[in-house]
Amino acid sequence: MEKTAIILIAITLFFLVIIVGLLTVLVYRLIKNPPSATSPAPTSSDGSAPHPDISRTEFHPGIMERLKDLESIKPSRSELFCPNHRDEPGEVTCGICDKLFCKVCIKPFKTMHFCKEHMPLVMRHDWEEIVTVKTSTQNPEEGVELFEKKKILFSEKNLPTYVETHYKINIDQDYIETYLVVFAIKEEAEAVRSYLL
Numbered sequence: 089m090e091k092t093a094i095i096l097i098a099i100t101l102f103f104l105v106i107i108v109g110l111l112t113v114l115v116y117r118l119i120k121n122p123p124s125a126t127s128p129a130p131t132s133s134d135g136s137a138p139h140p141d142i143s144r145t146e147f148h149p150g151i152m153e154r155l156k157d158l159e160s161i162k163p164s165r166s167e168l169f170c171p172n173h174r175d176e177p178g179e180v181t182c183g184i185c186d187k188l189f190c191k192v193c194i195k196p197f198k199t200m201h202f203c204k205e206h207m208p209l210v211m212r213h214d215w216e217e218i219v220t221v222k223t224s225t226q227n228p229e230e231g232v233e234l235f236e237k238k239k240i241l242f243s244e245k246n247l248p249t250y251v252e253t254h255y256k257i258n259i260d261q262d263y264i265e266t267y268l269v270v271f272a273i274k275e276e277a278e279a280v281r282s283y284l285l
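Count the sequence shown with the working numbering and you get residues 89 to 285, in order.
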């Protein structure tokens, strides 16, 4: 009985040594030749990686046309990185200008985040609730349209707004209701209301 136990322990240790040896070899190879060093990704003129399928010619011309359309609407590298720190990826969106900023350039306020430029704007003014929109996963169009209008208000009409998201859990029917609440500066509330409603 003791001999059998010793043989089993010896076999187990043998296999354990082989597994540790194989793992050591794999780790050594990964350290010596990291995957990114073996095949650098091709980049386009603006520094972004092209769509992986855009160069394939065996696709139907209709599909190629759609892929080119997708390439044109893909965000550029500059939109994905902090505008103040070009090497830092954007992590949080400002509630006013909707740009991505790194952790250093964005500050939390209540349930929202604002960039350094717009945080004083939020704190110095009184804000008024303009409209509340109920959305759901089955019907998100109204929420998408609201955010598009918010962008136009800021970029074209120079009217800053922010949107708070509130959730209500409906236990009886087992779903979550989402409410988007738009706020505007009190002095500009009527102009924002007339555009949104």
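Cβ coordinates follow ideal geometry from the N, Cα and C atoms, glycine included.
Exposed unless 16 or more other CB atoms sit within 10 angstroms - verdict on residue i
| i | result |
| --- | --- |
| residue 156 | exposed |
| residue 112 | exposed |
| residue 105 | exposed |
| residue 238 | buried |
| residue 93 | exposed |
| residue 107 | exposed |
| residue 97 | exposed |
| residue 192 | exposed |
| residue 118 | exposed |
| residue 189 | buried |
| residue 109 | exposed |
| residue 232 | exposed |
Beta-carbon proximity list for residue i, same chain, < 8 Å, skipping 5 on both sides
| i | result |
| --- | --- |
| residue 126 | Its pLDDT being 45, under 50, residue 126 is placed unreliably by the model, and nothing is read from it. |
| residue 258 | 264, 265 |
Secondary structure of residue i, DSSP reduced to three states
| i | result |
| --- | --- |
| residue 151 | helix |
| residue 204 | coil |
| residue 91 | helix |
| residue 284 | helix |
Chain-order list of residues whose beta-carbon lies under 7 Å from that of residue i (same chain, five-residue window excluded)
| i | result |
| --- | --- |
| residue 197 | 207, 210 |
| residue 63 | This structure leaves residue 63 out entirely; the chain is present only between 89 and 285. |
| residue 285 | 219 |
| residue 199 | 252 |
| residue 185 | 203, 206, 242 |
| residue 230 | 221, 223 |
Integer Cβ distance of residue i from residue j, believed to fall under 8 Å
| i | j | result |
| --- | --- | --- |
| residue 182 | residue 213 | With a Cβ gap of about 16 Å, residue 182 and residue 213 do not count as contacting. |
| residue 171 | residue 187 | 6 Å |
Neighbourhood of residue i by C-beta, 6 Å cutoff - its chain only, sequence neighbours within 5 removed
| i | result |
| --- | --- |
| residue 274 | 214, 216 |
| residue 270 | 218, 219, 249, 251 |
| residue 256 | 265 |
| residue 262 | none |
| residue 177 | 169 |
Query raised in the report: Which whole runs of the alpha helix (DSSP H) in the stretch 172-259 are 4 residues long or more, in chain order?
Result: You should have 207-212, 229-243.
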